[in-house]
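For reference, the structure discussed in these notes is given below.
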Amino acid sequence: MPDAPPTILISAPPHAPADDVRDLVRTTGFTPLIHALGSLPTVDFQPLAAAIMCPPENVESAVAQTRRWRVELGDRYRPILWLADPAATRIGLEAGADVCLARPVDESLFAAQLHALLRIRESVNRLHAKGDDAASITERLRKAYEQRDRDRELVRALHRSLTPVRLPELGPFRFVAQSHGHGDFHDAWLASGDLEFVLAGAGESFGPLVKQLVTAASIRGPAGAVTPGEILRHVNRSLVALGLADPPIVSAVFVRANPTTGRVAVARAGLPPPLHVPATGEARPWATPGPFLGVFDADFPTHVGELRPGDKLVFTTAATPGEGGTHLVLERIAE
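As numbered in numbering that gives the first Met the number 0, residues 0 to 334 make up the sequence shown, in order.
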């Protein structure tokens, strides 16, 4: 079934019906709808393609009607065409008409002008539709950002609740936290007589996950049978297996210390090497290779050292640019 032709409103004074304009609209292929100029009911422009104003000799009523239409339409666009005396052209355009043609109007000119106005209307409608789509996308993005902020705050709250305020002491070992970086996570626990410690610079959502993976790996075998390097390798494989398209930069260090012998085993991934500050003597880093976690399969060698009474082992999640920069920062922290 073919679509009905668009409807064109014709507004004319009741005492001067615009029969010629109605016939012209029909000839052009549209459906005319007569409207009494100055009538009170508001025009429903939704089904209308355009409006034609046929002002009387005194154009004041036509000017008022045209201005009222523009107010009622608001942001919506409907072409308004005036058919009037050439002397009223400027008045019609100032009132809100898009085009003013002189009566009697040439049929071909009228048809061409009306079709041109309707093409403009279609273009405006498409722009409005795109604007509505953009506004909808903007609103969805706003809600998504608000949800992201709420999720981040929830993650921060969980991160704070999972990060211990005080770390355990065992024998000669004790921990001192200098500061907490944004998203850094640390925890320590007792495991079969040893003290185990993890420090992760992994972001608020991944720090506790690293700790859980470390804990799971450390209990796979007998106490001490799984080295810190093997534990980090297990954590790394677990993160790689997630198959994230944009994996986060996860760094960590895992320490196992024996309070009886002072033996300390350390493996690191991505973090600067820890600085051993002896009670007497020169501070030296415990340097072992260790890439970031979750990027590719890799080995994480374990460094084994010994802490004597008065010694310090300093860790940081922040690398400092420049030759020896991180080393100097660690020395200041140790002081």
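Positions of the beta carbon are idealized from the N, C-alpha and C atoms, including for glycine.
Cβ-based burial, residue i [other Cβ within 10 Å; buried from 16]
i      : result
Tyr144 : exposed
Thr315 : buried
Thr26  : exposed
His302 : buried
Glu203 : Because the pLDDT of Glu203 is 49, which lies under 50, any placement of that residue in the model is unreliable, and the number read from its coordinates should be weighed accordingly. Under this definition Glu203 is a buried residue.
Gly220 : Residue confidence is low: Gly220 scores 47 on pLDDT, short of 50, so the model does not pin down where it sits. Its coordinate-derived value is still stated next. The residue in question, Gly220, is exposed, as its Cβ has fewer than 16 Cβ neighbours within 10 Å.
Thr259 : exposed
Phe253 : buried
Val175 : exposed
Arg267 : buried
Opening and closing residue of the alpha helix (DSSP H) in which residue i lies
i      : result
Trp68  : Glu59 to Leu72
Arg25  : Asp18 to Thr27
Val303 : Element bounds for Val303: not the alpha helix (DSSP H) but the beta strand (DSSP E), His302 to Glu305.
Thr88  : Thr88 to Ala94
Leu238 : Pro227 to Val239
Opposing strand residues paired with residue i [DSSP bridges]
i      : result
Ala199 : Phe184 and Ala251
Cys99  : Trp81
Asp193 : Ala190
Pro284 : Leu274
Arg262 : Glu305
Leu47  : Thr6
Phe299 : Paired residues: none, contrary to the question.
Ala268 : Ala251
Leu169 : Phe172
Ala256 : Leu194 and Val263
When the options are compared against residue i, the one with the closest alpha-carbon
i      : options                           : result
Leu292 : Leu238, Arg283 and Pro258         : Leu238
Leu36  : Leu47, Asp19 and Ala15            : Ala15
Ser191 : Asn257, Val276, Ala240 and Phe174 : Asn257
Pro247 : Gln64, Asn235, Leu80 and Arg89    : Asn235
Thr226 : Ala240, Val265 and Ala244         : Val265
Asp84  : Ala101, Ala17 and Arg77           : Ala101
Arg75  : Leu82, Glu59, Ala48 and Pro271    : Ala48
Ala317 : Glu195, Gly269, Ala297 and Phe172 : Gly269
Pro46  : Pro31, Asp148, Leu80 and Asp245   : Pro31
Phe184 : Val197, Leu23, Phe44 and Ala244   : Val197
Boundaries (first-last residue) of the beta strand (DSSP E) holding residue i
i      : result
Leu8   : Thr6 to Ala11
Asp313 : It is Val, not Asp, that sits at residue 313 in the sequence shown. Counting along the chain, the beta strand (DSSP E) containing Val313 begins and ends at Lys311 to Val313.
Val31  : Correcting the residue identity first, residue 31 is Pro in this sequence and not Val. Residues Thr30 to Ala35.
Notebook entry, point to check: When the Cβ atoms of the region 7–26 are set against those of the region 49–68, are three or more pairs found closer than 8 angstroms?
Noted result: yes
Notebook entry, point to check: Would you say the region 113–133 touches the region 63–72, given that touching needs at least three Cβ pairs under 8 angstroms?
Noted result: The count of Cβ pairs closer than 8 angstroms, one atom from the region 113–133 and one from the region 63–72, stays below three, leaving the stretches out of contact.
Notebook entry, point to check: Is the region 129–139 in contact with the region 91–99, if contact means three or more CB pairs nearer than 8 angstroms?
Noted result: no
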